[in-house]
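Chemist: Protein chains in written order, with my numbering: chain A, 35 to 473; chain B, -9 to 274.
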Amino acid sequence: MKRLLTILFVMLVSASLLLSACAQQPATPQEPQAGESQQGASEEPTGKEVTALIGFTASQTGKLNVESTRQINGLNLWMEQVNSAGGVRLADGTVVKFEAKFYDDESNTERVQELYTRLATEDNATFMISPYSSGLADASAVIAEQYGKIMITTGAASDSTYKKGYTLVYQAYTPASKYLTGAIDLLKATDPNAKKLAIVHENDKFSTDVSNALNDYALAQGYEVVIFEGYDSGTTDFNPFINKIQEAAPDAILGGGHFQDGSTFAKQLFEKNVTAKFIALLVAPPEPSFAELGDAALGVIGPSQWEPLAAFTEENAKAAGLAWYGPSSADFVAAYKAKYNEDPSYHAAGGYIAGMLLQHAIEKAGSLETEAVKAALDATDTLTMFGYLKFDTSAEAHGLQMGHSMVYIQWQKDSAGSLVKQVVWPAEGRTAETIYPIR
Amino acid sequence: MDIFAFLVDGLLIGFVYGIAAMGLTLIWGVMNVINLSHGPIIALGSFGVYILFTQFGMNPYLALLVMAVVGLLLGMLIYVIAIHRVIDAPHLSTLLATFSVNMIIIGIGTTIFTTTPRTVDFSLGSISAGPITVLGTRLTAALAAVLVTGALYFFLYRTTPGKFVRAVANNRAAAELMGIPSSRILALSFGLGTMLAAIAGSLIATFFPFTILSGGVYELKSFVIGVLGGLGNPLGALAGGLVLGTLEGIIPKFLPTTWVPVLEFIFFIVILLVRPTGLFGAKK
């Protein structure tokens, strides 16, 4: 019996070593030759059409489903538009068309790593787009870097991903450290007497990063943070937090996490008659479906990476001496509505802009070579319908978004009594006065 | 705000925990089976109400009655297919059988419903008294839990099939000698346990979002409650649910909410050590 076990153990160890050796083979960074994509074409022949495979995962199931679906909708719209416009022509005349290769990650970090490895090794994706959310994007970024693939992250705001020494990962979103700090500026401008804040946030990477930065900023601005607590992802009962909030009687409630928990939190705050003057939550409020909460949505503020109302135009780019790239917000909104029969949220715009950033860099590079596209991304300095985009190129935070900034929306009622989003901050982009106090 | 608001919320959720645990403890008490499919059946109860409410416009409380019947029949079916053949085998066999049912339900549920959270958008308003606000749906759930407990006791102590269930729980061999069809009674008991799980899931759907995986949390709590109240003691389960709910309500008043599961499970281990039959005594 002992001998049999020994033989089995040796066989297992041998098989493990063999498997790990096989798995490591593709780990050598490979130049993403478009010719190695599914088409089997080569980049060299002039005038030839090649396909660049864009690899990504989508949270088609799980708690990130709502935001991820919109993000992928935006990305697919970009791909459809660029392909129907004839693709991107490289310096040698080769025409590049784009094709998506994606899997459902089930909103699960382990699945993300497994699937991005498959995208890099089996599917040989030319470029990669991150999944939605900081946690999943962080898990995918290490795979992209390891296999030498350029990745544009979108729907991923955590700063820390870009402070790990990666050189091929680029962030489209405003970083988490600046995500909710504008809400403090808005509160200060609206009510200089407000002093007490409650910060209740999801205990995931993104929301914790945002809330820590928010807490530091609030304390520096002289606010008293009376509650600073995290809740587990997937929390459905916020009553223990709400009871604490009612006891502490803060002027403002800030925090949240993602769509499901954020909208449940807002709903339960309303149901429990919490009399906060100001509520600002992450992610959920800018989603159009947040309005389904009815009166519970009224007055809730949310930071948005993009709003169609924001004044990013070609004229403004010229006036600011910046290069303009891509369609206007109005054109994007019209195309999105025509394709999906709904208004685009900032997640959708984020998906679209991730593809557009790649397109811009490939056009500038005139090549699909990783080094050339990386150099073009490093040099990005342009205004788009999503806002100003520029990456940090320092060794400490390579790829961190430096140009983009948030806008803050608030759900208000129009003259017909319907809930509509209004931009309330920054002041120069404001479309309506802030409702304050909200209850 | 005084501690009363924390206490009320805790007690109200405690009733729902109690009814969820009652099903688990009933199956254990009668059959000596640890039902690991309890959680997914709670989730199925929630989905049943969701489908009947969103697709057919049925009132969630009417849908609850439908789901109670579905839960009873589903439980009997699970018993016949998965449990009956291994009922006399060691505990590990029944544990694996119910775990298999658990995996099958979660697999099918994930395929059909995905793991995207769903909500039943239904409100009964709220009642406020000073700083305390209680939702109508939660109050109704507590009331329903009391009614279901009463009905279960009436069934077990005042009806013939109920007496058969108790007889089989006490001594199956003796019950068989008295002419009680033990297999049918065991199927009925398993059906009753899953019916209680489905009712708990139906009530949860009226105030919390849920996925097919949501039942796992309630299943875990049901084990704790079962031990607190005494395994096999349905009334003890309701009392155990109230104890657990009270702890969950009051702890956040004094400590960060992340401490709730830590203290709950410390309490669980202490009870196992000092009073393994539970606070209210195990019943067979």
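All C-beta atoms in this analysis are idealised placements derived from N, C-alpha and C, irrespective of residue type, glycine included.
For clarity, every value in this text was computed on a predicted model and none was experimentally measured.
Please state whether DSSP places K371 of chain A in a helix, a strand or coil.
Modeler: Counting from one through the first sequence, the residue named residue 371 of chain A turns up at place 337. Helix.
Chemist: Are the CB atoms of Y380 of chain A and Q444 of chain A nearer to each other than 7 Å?
Modeler: Along the first sequence, one-based indexing puts residue 380 of chain A at 346. Along the first sequence, one-based indexing puts residue 444 of chain A at 410. No. Outside cutoff.
Chemist: So which residues of chain B does T95 of chain A contact, with C-beta pairs closer than 8 Å?
Modeler: Numbered from 1 along the first sequence, position 61 holds the residue referred to as residue 95 of chain A. Those are T100, T104, T105, T106, listed as they occur along chain B.
Chemist: Is the CB-CB distance between T298 of chain A and P199 of chain B below 7 Å?
Modeler: Stepping through the first sequence from its first residue, residue 298 of chain A is reached at position 264. Stepping through the second sequence from its first residue, residue 199 of chain B is reached at position 209. Yes; because the gap between Cβ atoms is below 7 Å, this pair is in contact.
Chemist: For F103 of chain B, which of B:S204, B:F258, B:I24 has the nearest alpha-carbon?
Modeler: By one-based count along the second sequence, residue 103 of chain B stands at place 113. Among B:S204, B:F258, B:I24, the Cα nearest to that of F103 of chain B is on B:S204.
Chemist: So, at 7 Å on beta carbons, what are the nonlocal neighbours of L327 of chain A in its own chain, with the 5 sequence-adjacent residues on each side left out?
Modeler: Residue mapping note: residue 327 of chain A aligns to position 293 of the first sequence, counting from 1. Closer than 7 Å at Cβ, skipping near neighbours: S297, A300, K301.
Chemist: Under 7 Å between C-beta atoms, does K306 of chain A make it to chain B?
Modeler: The sequence position of residue 306 of chain A within the first sequence is 272, counting from 1. Closer than 7 Å: yes.
Chemist: For E258 of chain A, would you say it is in contact with chain B, using Cβ-to-Cβ distances shorter than 7 Å as the test?
Modeler: Position 224 of the first sequence, counting from 1, holds the residue named residue 258 of chain A. Output row for E258 of chain A: interface = no.
Chemist: On the three-state DSSP scale, how would you describe M440 of chain A?
Modeler: Locating residue 440 of chain A in the first sequence gives position 406, counting from the first residue. Three-state result, M440 of chain A: coil.
Chemist: Scan the segment 0 to 12 of chain B for residues whose Cβ lies nearer than 8 Å to a Cβ of chain A and list them as they occur along the chain.
Modeler: Flagged, chain order: I3.
Chemist: Please name the residue, chosen from A:T151, A:T416, A:V317, that lies closest to G355 of chain A on a Cα-to-Cα basis.
Modeler: Taking the first sequence and counting its residues from 1, one reaches residue 355 of chain A at position 321. Cα-wise, what sits closest to G355 of chain A is A:T416.
Chemist: Does the segment 207 to 214 of chain B come close enough to the segment -2 to 15 of chain B to have 3 or more Cβ pairs within less than 8 Å?
Modeler: yes
Chemist: Sort A:L411, A:Q105, A:E114, A:V317 by Cα distance to M185 of chain A and report the nearest one.
Modeler: Against the first sequence, residue 185 of chain A aligns to sequence position 151. The shortest C-alpha separation from M185 of chain A is found at A:L411.
Chemist: Going by DSSP, which residues form a beta bridge with M162 of chain A?
Modeler: For the purposes of this step, residue 162 of chain A is taken as residue 128 along the first sequence, with counting starting at 1. A:G89, A:M185, per the DSSP bridge assignment.
Chemist: Determine the DSSP secondary structure at H381 of chain A, reduced to helix, strand or coil.
Modeler: Against the first sequence, residue 381 of chain A aligns to sequence position 347. Correct three-state label for H381 of chain A: helix.
Chemist: Taking T123 of chain B as the query, report the chain A residues whose CB atoms sit under 8 Å from its CB, ordered along the chain.
Modeler: Reading the second sequence from its first residue, position 133 is the one you call residue 123 of chain B. Neighbours of T123 of chain B on chain A, chain order: E305, K306, N307.
Chemist: Within 10 Å of its beta-carbon, does H81 of chain B have 16 or more other beta-carbons around it, so buried, or fewer, so exposed?
Modeler: By one-based count along the second sequence, residue 81 of chain B stands at place 91. Counting Cβ neighbours within 10 Å, H81 of chain B comes out exposed, since fewer than 16 surround it.
Chemist: Taking only the alpha-carbon atoms, compute the straight-line gap between G291 of chain A and D238 of chain A and give it to the nearest angstrom.
Modeler: Here residue 291 of chain A corresponds to residue number 257 of the first sequence, with the count starting at 1. Here residue 238 of chain A corresponds to residue number 204 of the first sequence, with the count starting at 1. Between G291 of chain A and D238 of chain A, the alpha-carbon positions lie close to 8 Å from each other.
Chemist: Within the continuous alpha helix (DSSP H) that includes D111 of chain B, where are the two ends?
Modeler: Here residue 111 of chain B corresponds to residue number 121 of the second sequence, with the count starting at 1. Looking at the DSSP string, D111 of chain B is not in any alpha helix (DSSP H), and its letter there is neither H nor E.
Chemist: Using a Cβ-Cβ distance under 7 Å, would Q476 of chain A count as near chain B?
Modeler: Only positions 35 to 473 of chain A appear in this structure, which leaves residue 476 of chain A out of reach.
Chemist: Which bits of chain B does Q294 of chain A rub up against, with CB to CB less than 7 Å?
Modeler: For this step, residue 294 of chain A is matched to residue 260 along the first sequence. Going along chain B in sequence order, the residues near Q294 of chain A (Cβ under 7 Å) are P107, P199.
Chemist: Thinking G189 of chain A and Y207 of chain A are a contact (beta carbons under 8 Å), I'd like their distance in whole angstroms, please.
Modeler: Within the first sequence, residue 189 of chain A is the residue found at index 155, counting from 1. Within the first sequence, residue 207 of chain A is the residue found at index 173, counting from 1. Going by Cβ atoms, the distance from G189 of chain A to Y207 of chain A rounds to 7 Å, so yes, they are a contact pair.
Chemist: With 7 Å set as the bound, which would you pick, yes or no: does the beta-carbon of F(-4) of chain B sit closer than that to a beta-carbon of chain A?
Modeler: By 1-based counting over the second sequence, the position of residue -4 of chain B is 6. So, interface residue.
Chemist: Do you know whose CA, among B:F37, B:P246, B:R265, B:L178, lies nearest H74 of chain B's CA?
Modeler: The residue given as residue 74 of chain B occupies position 84 in the second sequence. Checking every option, the nearest Cα to that of H74 of chain B belongs to B:L178.
Chemist: What residue does the beta strand (DSSP E) around K131 of chain A start on, and which one ends it?
Modeler: On the first sequence, residue 131 of chain A is found 97 positions in, with the first residue counted as 1. Unbroken beta strand (DSSP E) run through K131 of chain A: 129 to 138.
Chemist: Leaving aside the five residues before and after Y69 of chain B along the sequence, list all residues of the same chain whose C-beta is less than 6 Å from its C-beta, in chain order.
Modeler: For the purposes of this step, residue 69 of chain B is identified with residue 79 of the second sequence, where counting begins at 1. Same-chain partners within the cutoff: A177, F180.
Chemist: Using the Cα positions of G183 of chain B and T88 of chain B, report the straight-line distance between them to the nearest angstrom.
Modeler: Looking up residue 183 of chain B in the second sequence gives position 193. Looking up residue 88 of chain B in the second sequence gives position 98. If I take the Cα positions, the gap works out to 13 Å.
Chemist: On a CA-only basis, which of B:L142, B:D(-1), B:L218 is nearest V264 of chain B? Give me that one, please.
Modeler: Locating residue 264 of chain B in the second sequence gives position 274, where the first residue counts as 1. Residue B:L218 is the option with its Cα nearest to V264 of chain B.
Chemist: Kindly indicate which three-state DSSP category G96 of chain A falls into: helix, strand or coil?
Modeler: Position 62 of the first sequence, counted from the start, is the residue given in the question as residue 96 of chain A. Of the three classes helix, strand and coil, the one that applies to G96 of chain A here is coil, per DSSP.
Chemist: Could you pull the start and end residues of the beta strand (DSSP E) that Y265 of chain A belongs to?
Modeler: Position 231 of the first sequence holds residue 265 of chain A. 258 to 265 is the extent of the beta strand (DSSP E) around Y265 of chain A.
Chemist: Can you say whether Q72 of chain A is buried or exposed, counting buried as having 16 or more other CB atoms within 10 angstroms of its CB?
Modeler: Position 38 of the first sequence, counted from the start, is the residue given in the question as residue 72 of chain A. Since pLDDT at Q72 of chain A reaches only 38, below the 50 mark, its modelled position is unreliable, and no value is offered.
Chemist: Would you mind sorting W249 of chain B into buried or exposed? The rule is 16 or more other CB atoms within 10 Å of its CB.
Modeler: Reading the second sequence from its first residue, position 259 is the one you call residue 249 of chain B. Exposed, since its Cβ has fewer than 16 Cβ neighbours within 10 Å.
Chemist: Please state whether DSSP places F270 of chain B in a helix, a strand or coil.
Modeler: Stepping through the second sequence from its first residue, residue 270 of chain B is reached at position 280. Residue state, collapsed to three classes: coil.
Chemist: Using a Cβ cut-off of 9 Å, which residues of the segment 234 to 248 of chain B contact any Cβ in chain A, in chain order?
Modeler: Per Cβ criterion, the list reads E238, G239, I241, P242, K243, P246, T247, T248.
Chemist: How would you list, in chain order, the residues of chain B whose beta-carbon sits under 8 Å from the beta-carbon of G291 of chain A?
Modeler: To locate residue 291 of chain A, count along the first sequence from 1; it is residue 257. Per Cβ cutoff of 8 Å: no residues; G291 of chain A is ~13 Å from chain B at best.
Chemist: Please go through the same chain and pick out, in chain order, the residues whose beta-carbon is closer than 8 Å to the beta-carbon of S116 of chain B, but skip the five residues on each side of it.
Modeler: Walking along the second sequence from the start, residue 116 of chain B turns up at place 126. If you ignore the 5 residues before and after S116 of chain B, its C-beta comes within less than 8 Å of the C-beta of T123, V124, L125, G126, all in its own chain and listed in chain order.
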